[in-house]
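Structure, as structure tokens:
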Amino acid sequence: MRKEDTTNNILVYVETVDGAPVKAGLEALTPAHILSEKNGGEVIAAVLGKDISEAAKRIAASGADRVITVDSEELAVYNLDAYADILRQIIEKEKVDAVLLGGTVDGKDLAPKLAAVLETAAVSDVADIKIEGEKTFFVTTEYSGAIYCDVSIDDVRPQIATIRSGAFKKPEGASDGKLENESLKVSDDVVKAKVKDTVKEITEAVNLEDAEIIVSGGRGMGSKENFGLVEQLAKILGGEVGATRPAIEEGWIAKNHQVGQSGKIVSPKLYIAAGISGATQHLSGITGSDYIVAINKDEDAPIFSVANVGIVGDAMKVLPVMIDEIKKIREG
Ligand SMILES: Cc1cc2nc3c(=O)[nH]c(=O)nc-3n(C[C@H](O)[C@H](O)[C@H](O)COP(=O)(O)OP(=O)(O)OC[C@H]3O[C@@H](n4cnc5c(N)ncnc54)[C@H](O)[C@@H]3O)c2cc1C
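Note that my numbering has the sequence shown beginning at 994, numbered continuously upward.
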């Protein structure tokens, strides 16, 4: 699409899991408002799946001006070709200026596919949006967060971007978005691979992306046994357990707990890092945290440069004190 053929509206694909909108999808409504307010457009959310009416209502109440739902059996299970085809139909009808997706696994899968189908461009892992005059810049990071890049899509439309989880807060306050049901069908022959069965991996569910409290341990924990202190503190605080890559490689905890560039990007209210040096590959996953507490025996450890509270000390001595003190407070 050419720029002059689009409206000022912005589309956000809000993914759902078990009938509820995911946090990263709701967060993407905030940059959508920044873009739409530039030229007075609307924020339209698209929700695809089966039995998604409750999720659509929540999205309408959480900042979308309009919510388009496509509720059908053929969308019951995520399929790249099918979802991209339905989104293409919505985009072509609505002629939106930009399409934003939460930076989830599905969002990162869909964005380049949509860009290819619509012959436009996609930007991944957007951490901020800057508007300078007529120009919009999607701010991304390179080299594990060491360099910021301002990316603009000048000629083709829609602009497509995945938004980094935690980079924006969900819109504040209630809204009264309009719900619209569309009965769109997946086009013939677009689905190249069909999901015949899904098998759930038998590991504990780890929802680091949505966690409000995360306690993470690194190589400095020294052993699997000591790593148990990280798990104890997380449990007593009602949080999730995170880890650095070395802690996982040592076999102290499963891979799905990894935080960082090649793990999960997190944005809790409280992030406690024990025995973690603060390598850029780890820091790039935690900068969306509201409050960071770091425990490290090396006072020059880079983690202290991002910490709100730094405790210079032996984690094996500090963590038991924290656990005991919190227990005392909890037991009243
Ligand atoms: C392409 C690529 C992708 C990567 N992706 C990731 C990723 O997603 N996530 C990730 O975490 N890493 C990732 N890494 C690895 C990353 O570069 C670092 O090696 C890693 O984050 C360091 O982990 P660490 O802090 O646990 O270990 P170290 O850097 O070894 O730090 C251990 C820290 O523990 C402290 N310490 C030691 N003993 C104690 C004690 N008793 N009490 C308190 N502190 C103590 C030390 O002072 C030190 O600061 C990636 C690397 C590459 C090349």
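Glycine is no exception: its CB is placed at the ideal position from the N, C-alpha and C atoms.
Three-way DSSP call (helix, strand, coil) for residue i in this model
i        : result
Gln-1082 : helix
Val-1305 : strand
Glu-1202 : coil
Leu-1111 : coil
Arg-1157 : coil
Thr-1062 : strand
Asn-1174 : strand
Arg-995  : strand
Gln-1254 : coil
Asn-1289 : strand
Glu-1125 : strand
Asp-1143 : strand
Val-1116 : strand
Gly-1100 : helix
Gly-1213 : helix
Ligand 1 heavy atom lying under 8 Å from the CB of residue i
i        : result
Lys-1016 : no
Gln-1251 : yes
Ile-1140 : no
Ile-1296 : yes
Ser-1255 : yes
Ser-1270 : yes
Ile-1288 : yes
Arg-1157 : no
His-1026 : no
Pro-1313 : no
Gly-1100 : no
Asp-1291 : yes
Thr-1273 : yes
Gly-1213 : yes
Gly-1306 : yes
Arg-1059 : no
Met-994  : no
Glu-1239 : Reading the sequence as shown, one finds Pro at residue 1239 and not Glu. Yes; taking the cut-off as 8 Å, the Cβ of Pro-1239 has a heavy atom of ligand 1 nearer than that.
Ala-1075 : no
Gly-1278 : yes
Unbroken beta strand (DSSP E) run spanning residue i, endpoints
i        : result
Phe-1130 : 1128-1135
Glu-1233 : 1233-1236
Gly-1281 : Per DSSP, Gly-1281 belongs to no beta strand (DSSP E) and is neither H nor E.
Ala-1048 : Run containing Ala-1048: none in the beta strand (DSSP E); it sits in the alpha helix (DSSP H), 1046-1053.
Ile-1296 : Counting along the chain, Ile-1296 falls outside any beta strand (DSSP E), and DSSP gives it neither H nor E.
Ile-1269 : Unbroken run through Ile-1269: none, as it is neither H nor E.
Val-1149 : First-last for Val-1149: undefined, no H or E at that position.
For residue i, the first and last residue of its enclosing alpha helix (DSSP H)
i        : result
Leu-1226 : 1217-1230
Leu-1019 : 1016-1020
Residue of the options minimising C-alpha distance to residue i
i        : options                                   : result
Ser-1270 : Thr-1155, Met-1214 and Ser-1055           : Met-1214
Ser-1282 : Thr-1023, Tyr-1264 and Asp-1293           : Tyr-1264
Val-1192 : Lys-1163, Lys-1185, Asn-1200 and Val-1070 : Val-1070
Ser-1176 : Lys-1106, Val-1040 and Asp-1190           : Val-1040
Ile-1316 : Glu-1008, Glu-1224 and Ser-1298           : Glu-1224
Cys-1142 : Asp-1182, Val-1119, Thr-1155 and Pro-1261 : Val-1119
Lys-1185 : Asn-1072, Ala-1057 and Met-994            : Asn-1072
Tyr-1076 : Val-1302, Lys-1101 and Lys-1320           : Lys-1101
Asn-1001 : His-1026, Ile-1285 and Arg-1323           : His-1026
Val-1259 : Asn-1200, Lys-1128, Thr-1129 and Ala-1013 : Asn-1200
Ala-1114 : Ser-1029, Pro-1151 and Ala-1198           : Pro-1151
Asp-1293 : Lys-1310, Ala-1104, Leu-1103 and Ala-1272 : Ala-1272
Gly-1095 : Ala-1057, Val-1007, Tyr-1136 and Gly-1221 : Val-1007
Ser-1117 : Ala-1109, Ile-1084 and Ile-1153           : Ile-1153
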